[in-house]
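Enquirer:
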Ligand SMILES: Cc1ncc(C[n+]2csc(CCOP(=O)(O)OP(=O)(O)O)c2C)c(N)n1
Ligand SMILES: Cc1ncc(C[n+]2csc(CCOP(=O)(O)OP(=O)(O)O)c2C)c(N)n1
Ligand SMILES: [Mg+2]
Ligand SMILES: [Mg+2]
């Protein structure tokens, strides 16, 4: 499949942007600058980027606890996102959401949900709305493998299938749900088979190969726009870090962790782009430098922003 | 498959018992003698009987709103059951449960649940317990087709599959959930395919052929006892009456209703038993007469029983 | 003025709002052919077609999700979650996914969703189809709750609920539908603001706050009490969240005595919340203990013999009122 | 006496009950390798093996179902539903399937289930991992609820919960675990009966009822109030259902004044229920309005700057106490 140069460069840049963002957030967390919990998506970048490269700004996504990558790929600026994670007034949600609940309809993100499974029915609702309003928008729910066993996944996907909604359920299968392996949590050995229970296509792709992700989603979007209904896509990927920052993930073998580091989607994509003549080494380095600069700015913005005033506790609700 | 004569006669007798019970309860309801709602299972008798012919008294079942047949097949006496449905003190649950929530551990029935889907995880829990206690008991959840779209069905079946529990999910597919057709409520055209999403066998049988039901469940019980995990069975059946008594089921075509009357599992079984030399016409008639007598007695018992005393409101709870 | 039934009032409210605003649509289990189990939505499918009236699978979490997602993207969904108990099936979806995001997002998203559900005992629908969950739902921040007792209130409140930009739960009582309750409802369009109580009967001795079916029982008790020389004021909050404290306090200025009658197990009921508000904010007006006339803390028994005892009734109210006279 | 942490106390309770009764087993998400996210069950898998400590899929409704089904058939399950908010995912399963059948079946079935969950704010866990749902759960008939504030109470109550034949919800506060709170806990075995409050501090001017983390804040406030010459009595109900009214009433006989401090949005909170009970049954003891020191009726904001304001604290309690002096 041919992808235009412009888009490929955006994809590369966006993958690097996610990686830099996540690693820096990890550092800041370790330095005690970030309250609460953060769940980083380093290593999984090809998934959100391969997905969102197929979406317009007015298409919809829902996200989960490991959502930074989804939001960045959908276009949320790093500064207001970082400020949000720092709990600052200038954050995209005034500091009320934090890392786990980033929401911005301006980029079509209906919300990042902390209750596993919820992203599915909510995105299905957006897909329903697109169909009822007669637009050609699509909606994508990002979930993890562990979430496949929630009732919400089931009810949402079945509804989308029954109503042939323009919906994609994209599952980042990093094989772990906290410390529980997906293959202990279900009898399936091929996760994408779950789609067969709904009468819709279930596609498995290498989630560390952004081309493979892109192509699968491309087809799914086309199918959605043809009015043929939802697609379930499993991106087989892996987590470079613990479940959340602070998790020593001792439940994973060292071999598995090493393997994951080797499967890094970014050098792989970079190499391919250079081979394709889309990018040169110096250009790639330059992108990285630029993104780091962007992230420096975002961190500066976040650090220098004030916390919200106490009275903010009482706004944004009808009480 | 050879089924011993004794069992075949029990099966015939039990199917007739359910039919007679349901039709008489329907009459009593029409006569205003029964409070609340009743959901009758006339026409579906081959399912509970084909299932329970494979179960011991100490095996477990859970049931749903259309549960009379399940309970009768599992051995609940008609008198205390009728009294319960009449709301009497002598009812199996002192009149507190009614038609929809019949519960009796003495026959291994953990409860009939009014919240669709709940029978699945509850029976899965009983199967878990059997496994942990090291018995060879099995647990069966009876559900309807509409219930396949509930989150509880999904979570329960997946758990049973992941843990290889001695569990059977038996779905009576009468194609209707109230006024909603199952094929409008899911994209599947073959319901038994839903099992593929869990990595377990999904078997479709003619739910109006008690032999077919018996055989499928026989296999499933054997599989469960071998420690190989759950089976999903779809019994293709039909409802002779409305969703509940009082429902004129106008949403169903007359043709479909006529078709259902023709598929009646009882004359079919009777004919077969006579062909097989297990039963003669006069013997079959005698069984019917006996059951009618039994039901007369049960109704008499129920009618003559007192209502519970007002103070009963405050018992059976720790308040 | 013309009289219509409680059921017709519900129907008219939805019908009028659907014709007024094409973003309004309704979905639920069995709304299309049945027009919902008790028929309050009958005819809407024929009138508005398959894009505005949709039958769903038995998937309450997906239904609330569909409501949220469509509400966030320009629609105004009405989702019919049949029996109040079924709300507990999608409790997280209501509590977490529907009612928190407006606040959590710093005002970046809003969900104009109306949920409609049946509640109430008295028809032997047994333990899982008879409850009122008002008090339990009042524990959910970000949710408005209305519970009309008359055709007039039902129509006016449902219309306001559909126009409201926050999620609103509408409860209606099965008994008020099935008994064919009638009441005056103007031909002319009107709405009733959310959060405004109604004094259903003026009186000077004791303030009785009662909702839905209990409002009617309180009014019936009022007549009997009158014969005993006790004059009660009956206030129907109509909205439970937000609740109209002022109307209650105003009445207490007159009476100094409060009985709250609701059809829920007492602990954690809407009566408890109302009592707490009064004990905190209007203590000085009180001349007697606040009585709660509620159901016992149990499931609802099936048999009419016990269900009748379980439900709060006129006698229990009369007893409570008399005790504080 | 030896001192152990709140976390150790929880661990010991479960460990002792598992070794005492082989029908007791525990399951939940991530209990096996993590010993639950905060580690309170660590080591139990190694000690009791895969048949007594099971990791589940992310399937809260199946987990409650599994608890019900196994409890009905001879086991005594402990199910770990991590964060209190996740209880709403299986709310129907708790409300309908777990807590109603004993009554609905006319006593034919019982479910000895213990549910354990984290609750509480103060660690910026944001809107879906910070809540206390005590008041909401008190609306469920048939459920016992305990909410220990000290290691001693945690151990004794959890042991009783596991031995109880009715379903019991055990809440424990994340902050009391993560702060490493220590307290005296005897080596010798003991249990604490469900439904018994504890007077954490005697005082004569105002009765303060406070739960979990709020108990500690109330005790801290007591010292400051003492300096102002105000002597508060601090009662920790420990069990929210059933609630120990007598201990509260007894205190009110002395003080005549009541402030209730809990970490929930005010409306529909456990504070509301307690206030209602007192306003109904002990009105004559009251000399001042009943104050509820609670959180606002919103979701819990992420940023510490707002979370701190959202949570009830010593200053808010001191203000409330002072207002009724
Ligand atoms: C309903 C619910 N149960 C439990 C949790 C706790 N929890 C948070 S993340 C997580 C694991 C999610 O695994 P997966 O979906 O594979 O996503 P990943 O973390 O691997 O990206 C769990 C169990 C939750 N958030 N929601
Ligand atoms: C969670 C839930 N939602 C809705 C209902 C209302 N309801 C009762 S029976 C029924 C249809 C059930 O259909 P099916 O499972 O096919 O069983 P059948 O009635 O055909 O035997 C519905 C929707 C319910 N009981 N529980
Ligand atoms: Mg995962
Ligand atoms: Mg059916």
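Chains as they are written, first to last, in my numbering: chain A, 1 to 319; chain R, 1 to 319; chain V, 1 to 325; chain Z, 1 to 325. Just so you know, even glycine gets a beta-carbon here, dropped at the ideal spot from N, CA and C.
1. Per DSSP, what are the beta-bridge partners of residue 234 of chain A in this structure?
2. Beta strand (DSSP E) containing residue 183 of chain Z: first to last residue?
3. Just to confirm the assignment: which complete alpha helix (DSSP H) runs, minimum length 4, are found wholly within the segment 76 to 132 of chain V?
4. Grab the span of the beta strand (DSSP E) containing residue 63 of chain R for me, first residue to last.
5. Under 7 Å, CB to CB, which of the residues in the segment 149 to 177 of chain A have a partner in chain V?
6. Under a three-way DSSP split, which group does residue 274 of chain R fall into?
7. CB of residue 354 of chain R to nearest heavy atom of ligand 4: below 7 Å?
8. Am I right that residue 232 of chain A and residue 202 of chain A are in contact with their C-beta atoms under 8 Å? What's the rounded C-beta distance?
9. Does residue 61 of chain Z come within less than 8 Å of chain R when only Cβ atoms are used?
10. Is it the case that the CB of residue 27 of chain Z approaches a heavy atom of ligand 2 more closely than 7 Å?
11. Contact between the segment 301 to 313 of chain V and the segment 148 to 167 of chain Z is defined here as three or more beta-carbon pairs at a separation below 8 Å; is this criterion met?
12. Ends of the alpha helix (DSSP H) at residue 111 of chain R?
13. Per DSSP, what kind of secondary structure is residue 169 of chain Z in: helix, strand or coil?
14. Can you find a C-beta in chain A that's less than 8 Å from the C-beta of residue 305 of chain Z?
15. Beta-carbon of residue 313 of chain R versus every beta-carbon of chain V: anything under 8 Å?
16. Relative to the C-alpha of residue 80 of chain A, which candidate in A:228, A:237, A:299 and A:310 has its C-alpha closest?
17. So, using beta-carbon positions, are residue 78 of chain R and residue 102 of chain R closer together than 8 Å?
18. Does any CB atom of chain R fall closer than 8 Å to the CB of residue 197 of chain A?
19. Quick check: residue 50 of chain A and residue 217 of chain A, are their CB atoms within less than 8 Å of each other?
20. Since residue 95 of chain V meets chain Z, which of its residues come closer than 7 Å, beta carbon to beta carbon?
21. Could you list which residues in chain A have their beta carbon closer than 8 Å to that of residue 190 of chain V, in chain order?
22. So that I know if they touch, is there some Cβ in chain A lying closer than 8 Å to that of residue 75 of chain V?
23. Tell me, please, whether the CB atom of residue 124 of chain Z is closer than 8 Å to any CB atom in chain A?
24. If you draw a straight line from the alpha carbon of residue 294 of chain R to that of residue 24 of chain R, how long is it in whole angstroms?
25. By a C-beta neighbour count over all protein chains shown, 10 Å radius and 16 as the cutoff for buried, is residue 59 of chain R buried or exposed?
26. Counting along the chain, where does the alpha helix (DSSP H) carrying residue 124 of chain R start and finish?
27. Taking C-alpha atoms, which residue in V:72, V:274 and V:219 lies nearest to residue 130 of chain A?
28. My output table needs one value for residue 163 of chain R: the three-state DSSP class, helix, strand or coil.
29. To which residues does DSSP link residue 291 of chain V through a beta bridge?
30. Is there a C-beta anywhere in chain V that falls below 8 Å from the one on residue 257 of chain A?
31. For residue 157 of chain A, which option in A:146, A:39, A:125 and A:289 has the closest C-alpha, if you only look at C-alpha atoms?
32. Please indicate yes or no: does the CB of residue 66 of chain R lie closer than 7 Å to some heavy atom of ligand 2?
33. Answer with yes or no whether the minimum CB distance from residue 193 of chain R to chain A is below 8 Å.
34. Pull out every residue of the segment 40 to 55 of chain Z whose Cβ sits closer than 9 Å to any Cβ of chain A, in chain order.
35. Can you tell me where the beta strand (DSSP E) holding residue 53 of chain A begins and where it ends?
36. Are the beta-carbon atoms belonging to residue 215 of chain A and residue 11 of chain A less than 8 Å from one another?
Expert: According to the data block:
1. A:171 and A:204
2. 182 to 184
3. 101 to 104
4. 60 to 63
5. 151, 152, 155, 156, 158, 159 and 162
6. helix
7. Residue coverage of chain R in this structure runs from 1 to 319, which leaves residue 354 of chain R outside it and unanswerable.
8. 5 Å
9. yes
10. no
11. no
12. Careful: residue 111 of chain R lies outside any alpha helix (DSSP H), inside the beta strand (DSSP E) at 109 to 112.
13. strand
14. yes
15. yes
16. A:299
17. no
18. yes
19. yes
20. 88
21. Going along chain A, no residue has its Cβ under 8 Å from residue 190 of chain V, so there is no contact; the nearest lies around 23 Å.
22. yes
23. yes
24. 12 Å
25. buried
26. 119 to 133
27. V:72
28. coil
29. V:259
30. no
31. A:125
32. yes
33. yes
34. 55
35. It is not in any beta strand (DSSP E) - residue 53 of chain A carries neither H nor E in the DSSP assignment.
36. no
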